[in-house]
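First up is the structure itself, then whatever we jot down about it.
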Amino acid sequence: MKGRIFSGMQPSGKFHLGNYLGALENWVKLQHEYECFFCIVDWHALTSSYEDTRKIPQNIHDMALDWLSAGLDPERNTIFVQSHVKEHAELHLLLSMMTPLSWLERVPTYKDKLQQLGAQGKEINTYGFLGYPELMTADIILYKADTVPVGEDQLPHLELAREITRRFNNLYGPIFPEPKASLSQAPVLPGLDGRKMSKSYGNEISFSAGPEEIREKVRMMVTDPQRIKKTDLGHPDVCTVFTFHKLFNAEHAVQIEKDCRSAQIGCVECKKRLAERMVDMLADVHTRRLALERNPGRIKEILDYGAERARKVAAATMQEVNKALHL
Ligand code: ADP
Ligand code: NA
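With the first letter of the sequence shown counted as 1, position 138 gets the number 137 in numbering that gives the first Met the number 0; the numbers rise by one all the way through.
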């Protein structure tokens, strides 16, 4: 039998190539090996921005468009929005009754946030932020997922999810498998300025960029600062364009490195080759995106269908849970 995966992303807008390489590219592979539940976690997005919620519908739509154009198959996977399946909230409530507060308070991201706020003389400390890993646990075990693809930074959250799951099973019977982490070895993609690509730095290449935008962004990338003239010898190890070649053009990277060091290739040509390679690699993504954009009702249809599928599994789990708790 295939293993089952749950994974989610917050619809926070502006999905970029770093997000793609860091997570989504891996999902596209995993969909062939596992039964997958991919969830746009809109309730989680409220933990950091609950004041202005007007952009949520657009952000959900954009995220679904990003996922589908990346190649996630809505038949093969269950693709849905968290708030469309109310059982996430129901299970979260029950888990919150039996989780010691101290378990939540020792989560590193929570402690860091408290410290940051303390330093600014502020205090957020909403339950939603503290309870984030609690809701995440409910998300995962509601579908009896046994595997969760995570980055290194998410490991403490998953460890806590396992602890909460064990506690539930000890109290009420073995209903849930303990979800295990599948650690992704995704590389960190630099942005145009050489720092980590991030929407908070404004140095990103959007995942929705078409060929012209890709070419333009690649032209703007910083290169080896010591290389002024084409005849200067290059230092690929400090060049953002070369880092991109390693990630997007691996088969030619060795040759490009040689040619850069010996000044056989200049930065303009090097960027041109990278841009064309990226345009080729993202051609299918771009085509799928254009097709979806021509069919505006399609995304809603897919998300409705996904929610229906998710609800069936979620409702069956909650029936078991409520019976075990005599509710
Ligand atoms: P941002 O830094 O743009 O706000 P997020 O923190 O929302 O991005 O990250 C969402 C997901 O994308 C996470 O899984 C994160 O590890 C991944 N990710 C973000 N930026 C990069 C990057 N530059 N390279 C690789 N993965 C990234
Ligand atoms: Na970030």
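Don't be surprised by glycine CBs; every beta carbon is placed ideally from N, CA and C.
Bounds of any alpha helix (DSSP H) do not take in Glu34; it lies within the beta strand (DSSP E) bounded by 34-39. At least one heavy atom of the ligand ADP is found less than 8 Å from the C-beta of Val187. Membership of Pro148 in the beta strand (DSSP E) is indicated by the continuous run 146-149. Here Ala69 has Tyr19, Leu23, Val27, Val284 as same chain residues with Cβ atoms under 7 Å from its own Cβ, once five neighbours each way along the sequence are excluded. Distances from the alpha-carbon of Arg260 to those of Asp223, Leu93, Leu129, Asn202 put Asp223 closest.
A contact between stretches requires three or more CB pairs, one per stretch, nearer than 8 Å, and the region 40-47 fails this requirement with the region 259-274. Under the three-state reduction of DSSP, Phe175 is assigned to coil, being neither helix nor strand.
Contiguous alpha helix (DSSP H) elements confined to the region 87-118 occur at 100-104, 107-118, taking only those with 4 or more residues. Counting along the chain, the unbroken beta strand (DSSP E) around Phe79 starts and ends at 77-80. Bridge pairing for Leu182: Val149 [DSSP]. Distance from the CA atom of Ala185 to the CA atom of Gly21, rounded to whole angstroms, is 5 Å. In the three-state reduction of the DSSP assignment, Arg293 falls in the coil class. Using a Cβ distance threshold of 9 Å, Arg308 and Thr146 do not count as a contacting pair. Not one heavy atom of the ligand ADP lies closer than 8 Å to the C-beta of Gly193.
Per DSSP, reduced to three states, the secondary structure at His31 is coil, with no helix or strand assignment. In summary, Asn294 is exposed, with fewer than 16 beta-carbon neighbours lying within 10 Å of its beta-carbon over all protein chains present.
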